[in-house]
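In the working numbering, the protein residues as written are 43 to 214.
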């Protein structure tokens, strides 16, 4: 039986699609969990073995409790999905790798944050950043090494953290 890698995201990004393509070639089964975004479902079905669209946090927690993959790869976006890292870690028994698409504390000048997002979203994002940095089993980001240094100063990070960019593959 193939090992299953679950991707959790608001929508399929090209980075996730490239990862799925490469993992499938290496013999893994890939599953995409995305939140109520039917726009990309047919597109995603071309590159993932399975695509599930969930419409509530309750549905997501149920899926995470029952799917039991080899690994869950969470793509976090500010201000919409960074909290998925918390949910995945709390409800899945699998290893969780969190991929920062945006890092809340480094994404924007601090004084501009209230102009961009509401206060509760900002609080949830900062809480999520701290939680995933201190609790997930691996962290990826596509920024410079300086971001890694900043995150290590701000949080008690014990898991591996790597700079990982959206590399090309033959299909793209």
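We treat Cβ as the ideally placed atom computed from N, Cα and C, and that holds for glycine.
Less than 8 Å separating the beta-carbons of residue i and residue j?
| i | j | result |
| --- | --- | --- |
| residue 114 | residue 48 | yes |
| residue 119 | residue 52 | yes |
| residue 60 | residue 208 | yes |
| residue 147 | residue 112 | no |
| residue 72 | residue 80 | no |
| residue 125 | residue 198 | no |
| residue 278 | residue 133 | Given that the chain is displayed from residue 43 to residue 214, the structure contains no residue 278 and the question cannot be resolved. |
| residue 155 | residue 189 | no |
Check each candidate in the options and name the one with the smallest Cα separation from residue i.
| i | options | result |
| --- | --- | --- |
| residue 234 | 117, 161, 106 and 43 | Because the chain is modelled from 43 through 214, residue 234 falls outside the range shown and cannot be assessed. |
| residue 75 | 207, 198, 84 and 95 | 95 |
| residue 193 | 172, 80, 177 and 206 | 172 |
| residue 138 | 145, 71, 203 and 55 | 203 |
| residue 123 | 98, 67 and 73 | 98 |
| residue 183 | 125, 57 and 106 | 57 |
| residue 141 | 46, 50 and 44 | 50 |
| residue 176 | 127, 84 and 43 | 127 |
| residue 69 | 130, 103, 43 and 102 | 43 |
| residue 33 | 156, 90 and 77 | Examination of residue 33 is not possible in this model, given that the chain is present from 43 through 214 alone. |
| residue 186 | 167, 93, 212 and 143 | 143 |
| residue 196 | 206, 174 and 205 | 174 |
| residue 83 | 54, 109 and 129 | 54 |
| residue 103 | 130, 158 and 93 | 130 |
Mind checking if residue i is an interface residue toward chain D, Cβ cutoff 8 Å exclusive?
| i | result |
| --- | --- |
| residue 113 | Judged by its chain identifiers, the structure shown contains no chain D, having just a single protein chain. |
DSSP has residue i in a bridge; who is on the other side?
| i | result |
| --- | --- |
| residue 92 | 73 |
| residue 141 | 117 and 182 |
| residue 204 | 182 |
Which residue marks the beginning of the alpha helix (DSSP H) containing residue i, and which one marks its end?
| i | result |
| --- | --- |
| residue 103 | 99 to 109 |
| residue 174 | 161 to 177 |
| residue 56 | 56 to 67 |
| residue 132 | 126 to 133 |
| residue 82 | Unbroken run through residue 82: none, as it is neither H nor E. |
| residue 155 | 155 to 158 |
List the endpoints of the continuous beta strand (DSSP E) containing residue i.
| i | result |
| --- | --- |
| residue 51 | 46 to 51 |
| residue 199 | Per DSSP, residue 199 belongs to no beta strand (DSSP E) and is neither H nor E. |
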